[in-house]
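Encoded as structure tokens, the structure appears first; notes follow it.
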Amino acid sequence: MGTFDWKVIVDNFPFLMRGLGMTFQLAIIATIGGLILGTLVGMARISSRAYIYYPATVFVNLLRSIPLILVIFWFYFLVPIIAGRPLGDFLSATIAFVIFEASYFAEIIRAGIQSIPKGQMQAAQSTAMNYRQMMQYV
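In my numbering, the protein residues as written are 1 to 138.
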């Protein structure tokens with residue numbers, strides 16, 4: 001067996017650090033964006049209005065059934081064909097990660113809201129809380 005050549009890593013260390021920084025940046029943006037969008041979609045998933053509930057359900061079920069690499073490829077290769085201009089590498093990856101993570105966060109938030117006992121919501125209503133306040137405080 002040969003020995004590992006550390007010179008390759010040392011020579012490319014600045015390049016690797018730029019990549020690490022970009023990875024952290026992408027992860028932070030995707031997590032925050034996915035959480036915000038996922039919260040909105042999760043709230044839409046518990047809506048009693050069909051025109052809000054069904055598109056959110058299709059969004060979640062479709063994205064959760066597709067591999068992440070396929071979503072990334074779609075945003076990198078397909079969106080420029082439809083839009084007529086390229087989005088750029090980082091923006092394509094960011095959008096793909098945000099919507100992919102949002103579909104998973106939406107299910108987590110929906111399940112969390114539905115796990116609250118009905119008595120908690122009734123107690124909130126009895127204290128004259130509106131729907132927004134119930135979702136915020138309960």
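Each residue gets a CB set at the ideal place from its N, CA and C atoms; glycine is no exception.
From a predicted model like this one, the values you see are computed outputs, not experimental measurements.
Three or more C-beta pairs below 8 Å linking the region 95-103 and the region 33-40
yes
Measuring CB to CB, does A30 end up less than 7 Å from V41?
Taking the sequence shown and counting its residues from 1, the one referred to as residue 30 is at position 30. Taking the sequence shown and counting its residues from 1, the one referred to as residue 41 is at position 41. Contact flag unset, no.
Please confirm if the region 100-119 is in contact with the region 61-76, defined as three or more CB-CB distances below 8 Å between the two stretches.
yes
Keeping to the same chain, check which residues put their C-beta closer than 6 Å to that of P86; ignore five residues upstream and five downstream.
On the sequence shown, position 86 is the one that residue 86 refers to. Contacts found: P80.
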